[in-house]
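See structure below.
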Amino acid sequence: THENSHYIIELLKPHTPTRALRSTHQNLLEVPKTRYKSRGDRSFQTVAPRLWNDLPLSLRSTESGHF
Numbered sequence: 048t049h050e051n052s053h054y055i056i057e058l059l060k061p062h063t064p065t066r067a068l069r070s071t072h073q074n075l076l077e078v079p080k081t082r083y084k085s086r087g088d089r090s091f092q093t094v095a096p097r098l099w100n101d102l103p104l105s106l107r108s109t110e111s112g113h114f
């Protein structure tokens, strides 16, 4: 539902470097640091940004639904 999409969006934060870097305009997501390797590295909020950041820039820059 619409409420669930807001929840998911809140889990994903855009990567904002503290200084001008090449990654500034790459449309990357922040990958949170995890405390526990066993559970934390497998959570949605950790895995989703990693998968997103691994996509080619051409896909990350595409408007939603225009593949």
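Read left to right, the sequence shown gives residues 48 to 114 (our numbering). Even glycine gets a Cβ: it sits at the ideal position worked out from N, Cα and C.
What are the boundary residues of the alpha helix (DSSP H) that residue i is part of?
| i | result |
| --- | --- |
| Ala95 | Phe91 to Asp101 |
| Arg107 | Leu104 to Arg107 |
With DSSP as the reference, identify every bridge partner of residue i, one or two as the case may be.
| i | result |
| --- | --- |
| Leu76 | Pro61 |
Out of the options, state which residue places its alpha-carbon closest to the alpha-carbon of residue i.
| i | options | result |
| --- | --- | --- |
| Glu131 | Pro61, His62, Glu57 and Asn74 | Since the first and last residues shown for the chain are 48 and 114, residue 131 lies out of range. |
| Leu76 | Pro103, Leu102, Ile55 and Lys60 | Lys60 |
Given this structure, state the Cα-to-Cα distance separating residue i from residue j, to the nearest angstrom.
| i | j | result |
| --- | --- | --- |
| Arg82 | His62 | 20 Å |
| Leu104 | His72 | 10 Å |
| Leu106 | Pro64 | 21 Å |
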